[in-house]
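A.B. asks: Structure below; questions to follow.
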Amino acid sequence: MANDEYSLFHDTRHSSFVIAFLLLSGRTLFGHDEKVSASEVRVESHEIVWKVDVGLAGLEKALKLPAAAAQLSERQLQLLKPQIANYLSSEVSVEINGRVAVAEIGELEPVYEPFLLSGEPYIARVRQLLLFRSQEEARRLRLGIRLFSELTAEHRALVHVRWGGQERQFVRVGPSTLDLSYDGLHPDVWRIAGEFLSWGARHIFIGYDHIAFLLALLLAARRVREMVLIVTSFTVAHSLTLLLSALDLIRLPPALTESLIAASIVYVSVENYFLKDGRHRWLLTFAFGLVHGLGFSSVLRERLADVSGVVLPVLSFNLGVEAGQLVILMVAFPLILALCRAADERSREIRQRRLLWIGSAPILLLGLGWLVERVFGIGFMPL
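Residue numbers for the sequence shown follow the working numbering, so the first one is -1 and each next one is one higher.
Shown next as structure tokens:
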């Protein structure tokens, strides 16, 4: 997803505790801040009940209310009810089975909290009830959230969804959408698989360091069998650490991982100038592949927070990486073979050696540049 959005919790037992903590901490988290809100969405057969809980101080800024709004009485709050209700109903949206549902405005309820010093109660937040109806039974939902987007791009909306006897909690950051299906309150399985598949392919195509590492290895592969061994060992290795890291069984600091990836490019490129027999190079490839898998996982982990479960997203992401890698191989290896083609074995070996030396030079320079960048935390490389 393009914007920074994620689900905090994968287990309702833990999530209920954290949501409760956030709500009980309202006076610091969102009682006085437009950056956090809480919502409860209850899905019934033909009706969506959405309770939006926001801090009065945030509404004061969004609606340009008088500065004394934080000390409103219930009577004064009722006078502002149409203005508040119109604002909140315009900041959320619901699509039921692909059709936009119109919000019906319900009750506006004040939420009291005690002043920190005096202990006197005051209206810290308001809870607005919104109803969305459908003529057909809800099977798919798209919830849109734009609360306080005109004030901050970092607004965090805590969304607690109840549907069919199940519950899940989500957090959305900034203007965003949340797609849900009836089956188990999980985002649509095929959509998840497709997103992670395409994201994995995209990641390998823009992962210039991974491409450089692969090319440095392919330049030294003299036969198709060597290429297959190298690619297989790299795939198995990075798939292993990708899964283990996604399960939080292993983890390295991202800066260290990225530096090791750059170092692997430098090492392989330098070794290309002294390599006499590449038949056992798949072992080295496997070792470096473990490091590259940690590099993949560092970016994958950010997206895993948005879905429940690990296996499907990781497998889909990995398949995307492999698909992108396969495209690169299908282009690069035939080209390498074509450039090395010669009438006799000796001429072919000479061409292979020249191509290996010439091709390794720019890869070595790239690797050195990335290594310096990542070790010293400076940026000067164009890629």
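Note that CB positions come from ideal geometry on N, CA and C, so glycine has one too.
Roughly how many whole angstroms lie between the Cα atoms of Phe211 and Ala359?
C.D. replies: Looking at the two C-alpha atoms, the distance is approximately 13 angstroms.
A.B. asks: What did DSSP end up calling His153 once you bin it into helix, strand or coil?
C.D. replies: Here His153 sits in coil by DSSP.
A.B. asks: I think Gly291 touches Thr230, with their Cβ atoms under 8 angstroms apart; what is that distance to the nearest whole Å?
C.D. replies: At roughly 14 angstroms, the Cβ-Cβ gap does not stay under 8 angstroms, so Gly291 and Thr230 are not in contact.
A.B. asks: Report the rounded CA-to-CA distance for Ser444 versus Arg344, giving the unit in angstroms.
C.D. replies: The displayed coordinates of the chain run from -1 to 381. Any statement about residue 444 would go beyond what the structure contains.
A.B. asks: Which same chain residues, not among the five before or five after Glu118, have their C-beta less than 7 angstroms away from its C-beta?
C.D. replies: Here the set comprises Pro112.
A.B. asks: Assign Asn270 to one of two classes, buried (16 or more other C-beta atoms within 10 Å of its C-beta) or exposed (fewer than that).
C.D. replies: It counts as buried.
A.B. asks: Quick check on this structure: which residue in Leu353, Gly322, Ile334, Phe232 has the alpha carbon closest to the alpha carbon of Val289?
C.D. replies: Here the closest residue by C-alpha is Phe232.
A.B. asks: With H, G and I counted as helix, E and B as strand and the rest as coil, what does DSSP make of Tyr206?
C.D. replies: Looking at Tyr206 - three-state DSSP - the assignment turns out to be helix.
A.B. asks: With the cut-off set at 8 angstroms, would you say Gly365 and Ser267 are in Cβ contact?
C.D. replies: In contact: Gly365 and Ser267 (Cβ atoms closer than 8 angstroms).
A.B. asks: How many whole angstroms separate the CB atoms of Ala99 and Glu105, which I take to be in contact at a CB cut-off of 8 angstroms?
C.D. replies: About 19 angstroms separates the two Cβ atoms, so there is no contact after all.
A.B. asks: With Ala235 and Ser314 assumed to form a contact (beta carbons below 8 angstroms), what rounded beta-carbon distance in angstroms separates them?
C.D. replies: Ala235 to Ser314, Cβ: 19 angstroms. No contact.
A.B. asks: Quick check on the DSSP output: the alpha helix (DSSP H) that includes Val147 runs from which residue to which?
C.D. replies: It is Ser, not Val, that sits at residue 147 in the sequence shown. Element bounds for Ser147: n/a, residue is neither H nor E.
A.B. asks: From the DSSP output, which residues share a beta bridge with Tyr120?
C.D. replies: Glu111, per the DSSP bridge assignment.
A.B. asks: In its own chain, which residues sit with a C-beta less than 6 angstroms from the C-beta of Met199, not counting the 5 before and 5 after it?
C.D. replies: For the sequence presented, residue 199 should be read as Ala rather than Met. Excluding residues within five positions, the ones whose Cβ falls inside 6 angstroms are Gly318, Ala321, Gly322.
A.B. asks: Determine the extent of the alpha helix (DSSP H) in which Leu178 is found, giving its start and end residues.
C.D. replies: Here Leu178 belongs to no alpha helix (DSSP H); instead the beta strand (DSSP E) covers 174 to 179.
A.B. asks: Anyone know if the C-beta pair for His44 and Ser132 falls short of 8 angstroms?
C.D. replies: Cβ distance < 8 angstroms, so His44 and Ser132 count as in contact.
A.B. asks: Does DSSP put Gln133 in a helix, a strand or coil?
C.D. replies: Looking at Gln133 - three-state DSSP - the assignment turns out to be coil, as it is neither helix nor strand.
A.B. asks: DSSP on Val34, reduced to helix/strand/coil?
C.D. replies: Three-state DSSP puts Val34 in a strand.
A.B. asks: How close, in whole Å, do the beta carbons of Leu54 and Ile121 come, if the pair is a contact with beta carbons under 8 angstroms?
C.D. replies: Between Ile121 and Leu54 the Cβ distance is about 6 angstroms, and since that is below 8 angstroms, they are a contact.
A.B. asks: Can Glu419 and Leu128 be called in contact, C-beta distance under 8 angstroms?
C.D. replies: Residue 419 is absent from the structure shown; the chain starts at -1 and stops at 381.
A.B. asks: Can you look up Arg40 in the DSSP assignment and give me helix, strand or coil?
C.D. replies: Of the three classes helix, strand and coil, the one that applies to Arg40 here is strand, per DSSP.
A.B. asks: Do you know how far the Cα of Arg125 is from the Cα of Ala285?
C.D. replies: In a straight line, the C-alpha of Ala285 is about 55 angstroms away from that of Arg125.
A.B. asks: When you measure from the CB of Leu354 to every non-hydrogen atom of the ligand COA, does any distance come out below 7 angstroms?
C.D. replies: The ligand COA is absent from the structure shown, which contains no ligands of any kind.
A.B. asks: Starting from the Cα of Leu242, find the closest Cα among Arg349, Val309, Ser87 and give me that residue.
C.D. replies: Nearest option by C-alpha distance: Val309.
A.B. asks: Does DSSP put Glu308 in a helix, in a strand, or in coil?
C.D. replies: This sequence places Val at residue 308; Glu is not what is there. Residue state, collapsed to three classes: coil.
A.B. asks: If distances are taken between C-alpha atoms only, which option among Ile46, Trp197, Leu141 comes closest to Arg299?
C.D. replies: Answer by Cα proximity: Trp197.
A.B. asks: Going by DSSP in three states, His278 sits in which element: helix, strand or coil?
C.D. replies: His278 falls in the coil class under three-state DSSP.
A.B. asks: May I ask you to list the residues that DSSP assigns as paired with Glu45?
C.D. replies: Per DSSP, Arg131.
A.B. asks: Identify, in the order they occur along the chain, each residue of the same chain with its Cβ nearer than 6 angstroms to the Cβ of Ser383, setting aside the five sequence neighbours on each side.
C.D. replies: The question about residue 383 has no answer here: the residues shown for the chain are numbered -1 through 381.
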